[in-house]
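To convert, note that position 26 of the sequence shown is 26 in the UniProt record's numbering; the numbers rise steadily by one, no gaps.
Note that the Cβ used here is the ideal one computed from N, Cα and C, for glycine as well.
Bear in mind the structure is a predicted one, so any value in this text is a computation, not a measurement.
Notes to accompany the following structure.
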Amino acid sequence: MASANVVALTDDNFRTQVLQSSKPVLVDFWAAWCGPCKMIAPIIDEVADAMAGKAVVGKLNVDENRATAAEYGIMSIPTLLVFKGGQVVDKAIGFKPKDELIKLLNKHI
């Protein structure tokens with residue numbers, strides 16, 4: 001079951017939820033047809049629960065939100081970007097374990 005702590009991101013809410021966030025934000029760029037995206041989905045939920053209150057974790061479907069995906073040059077999925085102060089400060093591509101994603105976020109808290 002999906003975590004209530006994961007924010008569903010869209011082209012419309014990306015600015016307010018990510019770029020204007022006072023906390024670091026991990027954004028999972030994904031698509032429904034992507035195998036590795038399905039594999040990492042439960043890990044994203046676990047990271048969101050573990051980092052609740054310290055960081056924001058969101059998912060953006062690249063097929064439904066092409067403008068944002070294009071703006072950040074997303075070519076491979078899953079791509080995970082960490083934003084802080086409206087800027088990309090870190091990046092990971094492909095499947096990553098939970099502890100690696102938590103370390104990635106903790107660097108920016």
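- A residue is called buried once 16 or more other Cβ atoms fall within 10 Å of its Cβ, and MET51 is buried on that count.
- Under DSSP, VAL56 forms a beta bridge with VAL25.
- When rounded, the separation of the alpha-carbon atoms in ASP49 and GLN17 is 17 Å.
- In the structure shown, ILE109 falls within a coil segment according to DSSP collapsed to helix, strand and coil.
- Counting only runs of 3+ residues, the beta strand (DSSP E) found wholly inside the region 53-98 occupies 56-61, 79-84, 87-93, in chain order.
- In terms of CA proximity to LYS23, VAL57 leads the group PRO78, ILE43, VAL57.
- Closest in C-alpha terms to SER3, from the list ASP28, THR10, ILE44, GLY35, comes ILE44.
- DSSP lists LEU60 as the bridge partner or partners of LEU9.
- If you draw a 10 Å sphere on the C-beta of LYS54, you find fewer than 16 other C-beta atoms in it, and that means exposed.
- The straight-line gap separating the alpha-carbon atoms of GLN87 and GLN20 is approximately 10 Å.
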